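Student:
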Amino acid sequence: MASPLEQFTIKPILDLKIGETDISFTNSSLWMTITAVVLIVFVVVGTQRRAMVPGRWQSAVEYFHQVVADMVRDNVGAQGRRYFPFIFSLFMFILFGNLLGLLPKSFAFTSHLAVTFAIAAFIFVGVTIIGIVTHGLKFFTLFFPHGAPLVTAPLLIPIEIISYFSRPVSLSVRLFANMTVGHVLLKVIAGGVVALGSFFVLPGLLPLALLVAITLLEVMIAVIQAYVFAILTCVYLNDALHLH
Amino acid sequence: MPQFDTSTFVSQIFWLVVTFAVVFVFISRVALPRISATLENRQRKIGDDLAKAGELADQTDEVMAAYEARLAEARANAHEELHAAATRAAAEADKQNAALAETLAANAAAARERIAAESAAAAGNVSEIAEDIARQAVERLIGSAPDSEAVKSAVAASVQDRSS
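Chains S and E are the protein sequences, given in the same order. The first sequence: position 138 = 138 (the working numbering), numbered continuously. Count along the second sequence from 1, then add 1000; that gives the number in the working numbering.
Here's what the structure looks like:
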C-alpha cells in the first residue's frame, strides 16, 4: 500500500523555467487554477442577473458576501471596508481550495506549508506596513500593552515581539496541519476499508461508516479553517489599524 | 514528507500568486461591485416601498378623518332636524289644544246658559203649578175660586220663605 503521504507529492505536468528558476505547472498549480476558475464562475455568474429577489445561486453568493462583510465589520470596524475585497477573496479562495481538495483524486494545495506560509507572510508583511503607515512610530507601542507597569517592559516587550512574529507561523501551520492531517486520516481509514473489506464484507463496513463520518468532519474542517484564517487576518488587521 | 521538498516551493508560490491575483481581480472588479449595486438597489427599493406604504397609510387616515367628519356632521344635522320637527309638532299640538279648549269652554258656557234659562223657565212653571194647585185646593176647601192675585202673592211669599 502506498504511503498516506504520497497524495501530497507534487508532480509536474508542464515543465517551465524562468532562467534557472523552476516554475513548472504541477498538480498543485492545476488545482489552484481549477479553484480559481470555479470560484470566478461562482461569483461572476452568480451575480450576473443582479436580481432584486435573488435566486438560489445569487443568494449563495450574497450569503458568503454577508458572512465576510459581517466578519470584517465586527472585527475591524468601518476602516476595514477598504480591505474587504482582499479578505473576501482570501476566504473564498481558501474555502474553495479546501473543499475541492476533498474530492477524490484531487489535490489540496492548502495542505502545503509553502502555500499557506506564503499567504500568511504576505498578510503579516502587509498588516505591519498598514500599521506603520497608519500610526508611524506609535505602531511600536503594539509591543507594550497599554497600562502595564513600566518595570515589566523588559519582560513584556520580548514576549510581545515573539508573539507578533509567531503570527505568520501559527496562521500558516494551523491551515497546513489541519488539511494534511485530515487527508492522512482519510487515506489511512480508506486503506482500512479496503484491507478489511477484501477479506470479509461485514468488518469492512465499520471503517466505511467511520470514513463517511470523517469525511463529513473534514468538510466541516475545510469550512472552519478557511473561516479561522480569514477571521485571524481581520484580527491582525484590526491590531494594526487600532493598536491595542 | 512532500511538504518539505523545497524544490517545489517556488513553483507553488508562483502559481499561488498568479491564480490568487486573477481571483482577486475578478472578485474586486466584477463580483463585488455587482453585489454592492444589487444590495444597494434592494435597500433603496425597500426604503421606497416603505415610504410609499407610509404615504398611503397617511392618505387612508385623511380619508378616514374626512369620512368621520362627514358622518358627525350628518348626525348633527339629523339631530337638529329631528329637534326642529319635535318643536314644530309640539307647537302645533299646543295650538290645537288651545283651540279645542276654547271651543270646549264656549260650548260649556252655552250649555250653562241654556241650563240657567231652562231652570229659570222651570222655576216659572213651578210657581204656576203651585198657584194652580193652591187655587184648586182653596176652591175645594171653601167652595169658591180665590182671587188669582192673592194666590200668586201667597205662593211667591211661600217660595220666598222656603228658598230663604
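For every residue, glycine included, the Cβ atom is placed at its ideal position computed from N, Cα and C. Quick caveat, the model's predicted, so the values are computed rather than measured.
Using CA atoms only, rank isn't needed, just tell me which of S:Ile-34, S:Ile-40, S:Thr-35, S:Ile-10 is closest to S:Thr-26.
Tutor: Translated into positions along the first sequence, residue 26 of chain S becomes position 26. Minimum Cα-Cα distance from S:Thr-26 among the listed residues S:Ile-34, S:Ile-40, S:Thr-35, S:Ile-10 corresponds to S:Ile-10.
Student: So S:Ile-214 and S:Leu-186 are supposed to be a Cβ contact under 8 Å. How far apart are they, rounded?
Tutor: Here the question's residue 214 of chain S lines up with position 214 in the first sequence. Here the question's residue 186 of chain S lines up with position 186 in the first sequence. Going by Cβ atoms, the distance from S:Ile-214 to S:Leu-186 rounds to 6 Å, so yes, they are a contact pair.
Student: Quick check on E:Leu-1050 - is its C-beta less than 9 Å from some C-beta in chain S?
Tutor: Reading the second sequence from its first residue, position 50 is the one you call residue 1050 of chain E. Cβ-Cβ to chain S under 9 Å: no for E:Leu-1050.
Student: Who pairs with S:Phe-124 in a beta bridge, going by DSSP?
Tutor: Indexing the first sequence from 1 puts residue 124 of chain S at position 124. Beta-bridge pairing links S:Phe-124 to no other residue.
Student: Please look up how many angstroms separate the CB atoms of S:Leu-100 and S:Ile-34, rounded, as I've assumed it's under 8 Å.
Tutor: The residue you call residue 100 of chain S lines up with position 100 of the first sequence. The residue you call residue 34 of chain S lines up with position 34 of the first sequence. Correct: roughly 6 Å between the Cβ atoms.
Student: Report the neighbours of S:Val-61 on chain E: residues whose CB is nearer than 8 Å to its CB, in chain order.
Tutor: As a first step, residue 61 of chain S must be located in the first sequence, where it is residue number 61. Neighbours of S:Val-61 on chain E, chain order: Ala-1031, Ile-1035.
Student: Can you tell me whether E:Asn-1107 is buried or exposed, with buried defined as 16 or more other CB within 10 angstroms of its CB?
Tutor: Along the second sequence, read from residue 1 onward, the residue named residue 1107 of chain E stands at position 107. With fewer than 16 other Cβ atoms within 10 Å, it is exposed.
Student: Can the beta-carbon of S:Ala-118 be found closer than 9 Å to that of E:Val-1022?
Tutor: Locating residue 118 of chain S in the first sequence gives position 118, counting from the first residue. Locating residue 1022 of chain E in the second sequence gives position 22, counting from the first residue. For S:Ala-118 and E:Val-1022, no; Cβs fall outside 9 Å.
Student: Hey, does S:Pro-12 have any beta-carbon neighbour from chain E nearer than 9 Å?
Tutor: Along the first sequence, one-based indexing puts residue 12 of chain S at 12. Yes, S:Pro-12 lies at the interface with chain E (some Cβ there is under 9 Å from its Cβ).
Student: So, E:Ser-1011 versus S:Pro-158, is the Cβ gap smaller than 9 Å?
Tutor: Residue 1011 of chain E sits at position 11 when you count from the first residue of the second sequence. Residue 158 of chain S sits at position 158 when you count from the first residue of the first sequence. In this structure, S:Pro-158 does not lie closer than 9 Å to E:Ser-1011 by Cβ.
Student: Indicate the three-state DSSP secondary structure (helix, strand or coil) for S:Ile-18 in the structure shown.
Tutor: Translated into positions along the first sequence, residue 18 of chain S becomes position 18. Three-state DSSP puts S:Ile-18 in a strand.
Student: Pairs of beta-carbons, one from the segment 202-217 of chain S and one from the segment 170-181 of chain S, closer than 8 Å: are there three or more?
Tutor: no
Student: What is the residue span of the alpha helix (DSSP H) that S:Thr-33 lies within?
Tutor: To locate residue 33 of chain S, count along the first sequence from 1; it is residue 33. First-last of the alpha helix (DSSP H) with S:Thr-33: 27-46.
Student: Taking CB distances under 9 Å as the criterion, tell me whether E:Met-1185 reaches chain S.
Tutor: The question about residue 1185 of chain E has no answer, for chain E in this structure spans 1001 to 1164.
Student: Kindly give me the distance between the Cβ atoms of S:Val-68 and S:Ile-87, rounded to whole angstroms, as I take these residues to be in contact under 8 Å.
Tutor: Mapped onto the first sequence, residue 68 of chain S falls at position 68. Mapped onto the first sequence, residue 87 of chain S falls at position 87. Going by Cβ atoms, the distance from S:Val-68 to S:Ile-87 rounds to 6 Å, so yes, they are a contact pair.
Student: Within 10 angstroms of the Cβ of E:Leu-1071, are there 16 or more other Cβ atoms? Answer buried if so, exposed if not.
Tutor: Residue numbering aside, residue 1071 of chain E sits at position 71 when the second sequence is read from its first letter. If you draw a 10 Å sphere on the C-beta of E:Leu-1071, you find fewer than 16 other C-beta atoms in it, and that means exposed.
Student: Given a threshold of 16 other Cβ atoms within 10 Å of its Cβ, counted over all protein chains shown, does E:Leu-1032 qualify as buried or as exposed?
Tutor: Locating residue 1032 of chain E in the second sequence gives position 32, where the first residue counts as 1. Buried.
Student: Check whether the Cβ of S:Val-45 sits closer than 8 Å to any heavy atom of the ligand HEM, and report yes or no.
Tutor: The ligand HEM is absent from the structure shown, which contains no ligands of any kind.
Student: At a CB distance below 8 Å, what residues from the segment 20-43 of chain S approach chain E? Give them in sequence order.
Tutor: Thr-21, Asp-22, Ile-23, Ser-24, Phe-25, Thr-26, Ser-28, Ser-29, Met-32, Thr-33, Thr-35, Ala-36, Leu-39, Ile-40, Val-43
Student: Hey, out of S:Gly-136, S:Leu-95, S:Thr-128, S:Thr-180, whose CA is closest to S:Met-32's CA?
Tutor: Stepping through the first sequence from its first residue, residue 32 of chain S is reached at position 32. Nearest C-alpha to S:Met-32: S:Leu-95.
Student: Show which residues of chain E have a CB atom less than 8 Å away from the CB atom of S:Ser-89.
Tutor: Reading the first sequence from its first residue, position 89 is the one you call residue 89 of chain S. Per Cβ cutoff of 8 Å: Phe-1020, Val-1023, Phe-1024, Ile-1027, Ser-1028.
Student: With DSSP as the reference, please indicate the residues paired to S:Pro-149 in a beta bridge.
Tutor: Within the first sequence, residue 149 of chain S is the residue found at index 149, counting from 1. Answer is none; S:Pro-149 lacks a bridge partner.
Student: Terminal residues of the continuous alpha helix (DSSP H) containing S:Pro-168?
Tutor: Counted from its first residue, the first sequence places residue 168 of chain S at position 168. It spans 167-197 - the alpha helix (DSSP H) in which S:Pro-168 sits, taken as one unbroken run.
Student: S:His-146: buried (16+ other C-beta within 10 angstroms of its C-beta) or exposed?
Tutor: Position 146 of the first sequence, counted from the first residue, corresponds to residue 146 of chain S. Exposed is the call here.
Student: Enumerate in chain order the residues of its own chain whose CB-to-CB distance from S:Phe-229 is below 6 Å, with the five nearest sequence positions on each side excluded.
Tutor: Taking the first residue of the first sequence as position 1, residue 229 of chain S is located at position 229. Around S:Phe-229: Ile-94, Leu-175.
Student: Using a C-beta to C-beta distance shorter than 8 Å, which residues of chain E count as neighbours of S:Pro-85?
Tutor: For this step, residue 85 of chain S is matched to residue 85 along the first sequence. Within 8 Å Cβ-Cβ: Phe-1024, Ile-1027, Ser-1028, Leu-1032.
Student: Report yes or no: do three or more beta-carbon pairs, one from the segment 1051-1059 of chain E and one from the segment 107-125 of chain S, lie closer than 8 Å?
Tutor: Contact between the segment 1051-1059 of chain E and the segment 107-125 of chain S is absent, because fewer than three Cβ pairs lie under 8 Å.
Student: So, helix, strand or coil for E:Pro-1002, using DSSP?
Tutor: To locate residue 1002 of chain E, count along the second sequence from 1; it is residue 2. Three-state result, E:Pro-1002: helix.
Student: Three-state secondary structure (DSSP) at S:Ile-13?
Tutor: Taking the first sequence and counting its residues from 1, one reaches residue 13 of chain S at position 13. Note: S:Ile-13 maps to strand in three-state DSSP.
Student: Apart from the five residues just before and just after E:Ala-1098, which ones in its own chain have a Cβ nearer than 6 Å to its Cβ?
Tutor: Walking along the second sequence from the start, residue 1098 of chain E turns up at place 98. Excluding sequence neighbours, E:Ala-1098 sits near nothing in its chain.
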